[in-house]
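First up is the structure itself, then whatever we jot down about it.
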Amino acid sequence: MTTAKTSRNDPCPCGSGKKYKQCCLKHDKSAVSGQADAGAALADTFRAALEHFEAGRLGEAETSCRQILRIEPGQPDVLHLLGVIATQRGRYDDAVALFGDVLKMAPDFAQAHYNLANALKEMGKLDEAAASYRKAISRKPDYVKAHHNLADVLQTQGKLAEAVASYRAALRIDANLADTRYNLGTALYEQGKLDEAIASYRQAIALKPDYAEAYNNLGTALKQQGRLQEAVESFDRATGCEPGHAQAHFNRAVAQHQFKQYRAALESYDQAIALRPDDAVAYYNRGDVLLCLDENRAALDSYDRAIALKPDYAEAYSNRGAVLQDLRRLDEALASFDRAIALKPDHAVAYWNKALFRILTCDFAEGWRLYEWRWKDCQKDQVRDFAQPLWLGERPLAGKTLLIHAEQGLGDVIQFCRYAPMAAELGAHVVLEVQAPLVSLLATLQGNCTVVEKGRALPPFDLHCPVMSLPLAFKTTLASLPAVVPYLHADADKQQAWRRRLGDATQPRIGLVWSGSTTHKNDRNRSIPLQRLEPLLRLPLEFHALQNEIRPDDAAALAGFGQIHLHRDELGDFSETAALVQQMDLVITVDTAVAHLAGAMAKPVWILLPFAPDYRWMLDRSDSPWYPSATLFRQPAPGDWPSVIAEVGRELRSRYAPQETGGQAMTMENPLQHQASPSLQEIDALVALFSQGRLAEAADSARAMTVRFPQYGFGWKALGAVYKQMGRSDDALVPMQKAALLTPGDVEVHYNLGVGLQDMGRLEEAEASYRQALNIDPDYADAHNNLGAVLHGLGRLEAAAASFRRALQINPACMGAQANLDALQQETAQRAAAGGMQQAGGPSSASDNPYRLVDARHGRFLVSPHDVYLGRAVILYGEYGEIEWQFLEQLMQDGKDAVEVGANIGTHTVSMARKLARMGRRLLAVEPQPVVFQNMCANLALNGLLNVVAENAACSDAPGWLTFEAPDYSRENNSGGVSMREDGGGSQRIRSVPLDQLVPGDFDVGLIKIDVEGFEQKVLEGATGTIARCRPAIYLENDRVERSKALIEWLWAAGYKLWWHIPPLFNPGNFAGKSENIYGNVASFNMLALPNETAIAVQGLTPVEDAGAHPLLRRH
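Take our numbering: the final residue in the sequence shown is number 1210, and no numbers are missing along the way.
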């Protein structure tokens, strides 16, 4: 803005519209009239302008300045003052123009450069502001304010080193500037120079003792250094100087929270909230403090208030979910985690919390997948930057070196190192990098494993995997969880040394751990003050402390418990602890690494858990799938250790009954020999229920027995057998493992466990169980035969053949052994022939292809010899389910289409399609397993069948997704035994579609065949439209006793009459003419359902008249 002299005939500057001579000229002249000296009059007016300015009367000051300029334009001081006034009024563009005019006239006017810089700074033009401050300083080197403000600009720009230099320059001019020392402290803090920042804040406070902001920032710097008590004192001084300083109250609360002064922190947050009621973060942090005080419901209220103030507060939703989880409001917890993720899709903490929730609730598939979010949250600073690729199970390991590296705590490594031998079984050399206290212990792992201490140089490796990622890499589910123990062992020499050290036992020896590390984030919940264990320590038992760390309060309590033997000096590492654990009859421990150690050693261990347990212990169960030797004692309510201790006391008394010596001693023999046990009448009653086929009642009775007598093996054995008979193979596994642990000399227990593991495709574990059975009874022919089948599935053909021959040597009539040996020899011959083709230049893929091409009764089939039922049947007999097919063929009506749900590889699909093709009709074939579906399509193509609509899907009552536990198709498996799951617990996902949506609209369905392993009713519920429209015959499997009644009643309600059809799997007139029966008396339990209105006469079948009756119940 340029100001020129106003001529008489110019428009008046006041804006009246009149000429200057007719308006303000007379007034301007009168303003200086009576003055002998016009210059003196202008000086007086300028002084008046300054007085107005200093008094804050900016309008009057500006008017006075403009009066002067109308008379005498181009006055630098007046223009400068106008620029300052414009700056204070927020008219920064005007201010910059005015200062520019000044500097044109007076380029060395330092104050004008300074004030121009101030205006530019307010406009956000920081580079220009800094340049103007520097010009001011160049004109006036001791210009303190210019140095200070230049430093402010530089600090705002992040140029911290230059800012510090400018603050120091100001202080060299005037050392007593409190604000400059405060700002210097802030810049040094931002540089991370905490000691210098603290010194600068203290100097500011010395100059200005009531400097609340300096005390607040000093407290922040001290907190950053971990000097929490000093930080709290500094925040106290800040609030003392300025009681309404909300941020200081807030910061003090944060420091008190970190200092574990939870009550004081809660009070400080309340003071901050009283001053800032809309502070969502304060409510959020308040919730965190309440969690530390175990006041979960109050914490939930604080998170809800934070969300009410800030509806998109993802962090509050995540923590809210964690509280709801601890309160067992599981559906709400999951909804909160999902809401947090929806609001903030990259919110790692919410994904982490959801991962722990999913594992806690047994959804391993999603839980372990989400667990990888830890690298973006709690472990983001621990990511190992290896050049080698990360291995998560997607690459072959054969011939590779895999580095498995430790993370998290010692207990985590002990728990998950079980996967290292599994990686070795896949052909890898495993390098296991672990913490120093674990090196000697983990050297006892089986397999091709090398253990290296963390921090030492690593040998060369090809792939790497963090130890906590191994469950994901091995696609772990509850069913496939590797729970064979022991997998860690105590050193024999160290055991001997401990035996000498402890001497002969006169009482049962109990290993005891009551507290873990004080640095553990959940220590307040998982550790127990030793004094609380007094009811247990009064028992006449020999207690040995298995922990190193003794807290001061516990040290005082120890003086009163003389029977606790301490071994802190001897427990150098975990191999020593393992040797001591081996001397114990029982270990009782809170959730620490010793719990994992005892479980990994298969030592009886009782684990005491808080109400909200760690994710690995899951919910509402007294056993652990991870450790068959563990029994879990859970708080019935938050903080209720007395109930846990009382229950443990009762169990100790029942296991170690007092001798007739006045109660002063307890028996020291193996507790299994002296524990309370069920009566013979109870055992007989349970056996009778099982024999009568009353499986639900038998299961209830067996479960009750395991609760009352958890160390009595028969109850677990019976429960496993009942579950197995009910078709609940997954549920049967843990009771079988318990039974094997408790009755190690029972050959039948180990054999049955092997069968269960083999059925689940867990072949290495099945091998171990069969070998244990054979250690007990070397002449157990069936165990040799099954071991051979497992070894065949593992590709160890010579060993498999030896097992089959041994079975036949013991019992020439051993069911299936000769057929298994024949199949193996045929495969060996084919492999040898394929190898000859390679040497002669033939196709190299033949020996690697696991499939066989078989000319069978109904066509050519591509089958896998690894499929123990269907594939091997086609190879041995040239057919599968032929007796069932002969019955099915009679149901296929002329002029009608058909539907097959659960088609597998197409052994019946091909037969059905060929018959339908001759009638000009079509077949819908549905198979959910992608690998098996591809095999089915190959077989349809091999037989030139073009009248099949093939769908890779699962049929259910509603569209969506199901999961199933996919077997390892490259090893021995039963693809026909795969069941769909609605709980998301399977390792593979498949779309589910109601059958009504899959059946083409022009299909006239005459037959629906369903074989879906217990999912039959769901298929029917999704086919109500087709059933109502076509009224087809329905042929379906019904071998799940516990689901049979509901299935039968559904079909009756749909207007169908039913008959049992139970064809044996073995056909004496099989296509290959084989007399060997590998199935024994195994049969399919199927039903024929015909509409009530049908006139077809059914002969030779048993009608279904009682929904509660099942043929399986009559076969025992």
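Positions of the beta carbon are idealized from the N, C-alpha and C atoms, including for glycine. Model, not experiment: these values are computed from the prediction.
- Taking the CA atoms as reference points, residue 298 sits about 21 Å from residue 322.
- Check the Cα spacing between residue 201 and each of 1064, 171, 1118: the tightest is with 171.
- Of the candidates 1196, 993, 1038, 993 places its Cα closest to the Cα of residue 1099.
- Each of 1156, 288, 922 was checked against the Cα of residue 892, and the nearest Cα belongs to 922.
- When Cβ pairs closer than 8 Å are counted between the two stretches, the stretch 679-693 is seen to touch the stretch 639-648, the count reaching three or more.
- Non-local beta-carbon contacts of residue 414 in its own chain, meaning distances under 6 Å to residues more than five positions away in sequence, involve 397, 430 in chain order.
- In the three-state scheme derived from DSSP, where H, G and I count as helix and E and B as strand, residue 1103 is classed as strand.
- When rounded, the separation of the alpha-carbon atoms in residue 702 and residue 624 is 13 Å.
- Between residue 990 and residue 1182, the alpha-carbon positions lie close to 18 Å from each other.
- Distance from the CA of residue 460 to the CA of residue 713, rounded to the nearest whole angstrom, comes to 17 Å.
- With at least 16 other beta carbons inside 10 angstroms of its own, residue 193 counts as buried.
- Runs of the beta strand (DSSP E) lying entirely within the stretch 1107-1181 and spanning at least 3 residues, in chain order: 1127-1131, 1150-1155.
- When secondary structure is reduced to three states using DSSP, residue 571 falls in the coil class, being assigned neither helix nor strand.
- Taking all protein chains in view, the Cβ of residue 747 is surrounded by fewer than 16 other Cβ atoms within 10 Å, so the residue is classified as exposed.
- Fewer than three pairs of CB atoms, one per stretch, sit closer than 8 Å, so the stretch 547-563 makes no contact with the stretch 829-842.
- Residue 742 has its alpha-carbon roughly 32 Å from the corresponding atom of residue 789.
- Under the DSSP assignment, residue 721 falls in the beta strand (DSSP E) whose first and last residues are 721-728.
- With respect to the 8 Å criterion, residue 797 and residue 780 are not classified as neighbours on the basis of their beta carbons.
- Sequence-distant Cβ neighbours of residue 675 in its own chain, meaning closer than 8 Å and more than five residues away, are 584, 605, 640, 681, 688, 691, 692, 695, 697.
- Secondary structure of residue 605 (DSSP, three-state): strand.
- If you draw a straight line from the Cα of residue 1070 to the Cα of residue 963, it is about 8 Å long.
- Residue 417 is a Cβ neighbour of residue 393, given a cutoff of 8 Å.
- The three-state secondary structure of residue 1074, taken from DSSP, is strand.
- Partner residues in the beta bridge of residue 636, as assigned by DSSP, are 603.
- Around the beta carbon of residue 1000, 16 or more other beta carbons sit within 10 angstroms, so the residue counts as buried.
- For residue 455, there is no enclosing beta strand (DSSP E), since its DSSP letter is neither H nor E.
- Residue environment: residue 1134 is assigned as buried (16 or more neighbouring CB atoms within 10 Å of its CB, all protein chains considered).
- In the three-state reduction of the DSSP assignment, residue 1083 falls in the strand class, which pools E and B.
- For the pair residue 578 and residue 859, the CB atoms are nearer than the 8 Å cut-off.
- Inclusion of residue 1201 and residue 1139 in the CB contact set at 8 Å is warranted, their separation being smaller than that value.
- Around the beta carbon of residue 613, fewer than 16 other beta carbons lie within 10 angstroms, which makes this residue exposed.
- Note on geometry: alpha-carbon atoms of residue 224 and residue 478 lie some 43 Å from one another.
- Taken through DSSP and simplified to helix, strand or coil, residue 577 comes out as coil.
- The stretch 554-565 and the stretch 470-488 touch, with no fewer than 3 CB-CB distances between them shorter than 8 Å.
- Between residue 439 and residue 495, the CB-CB gap reaches or exceeds 8 Å.
- Of all C-beta pairs linking the stretch 970-990 to the stretch 1007-1017, three or more are shorter than 8 Å, placing the two stretches in contact.
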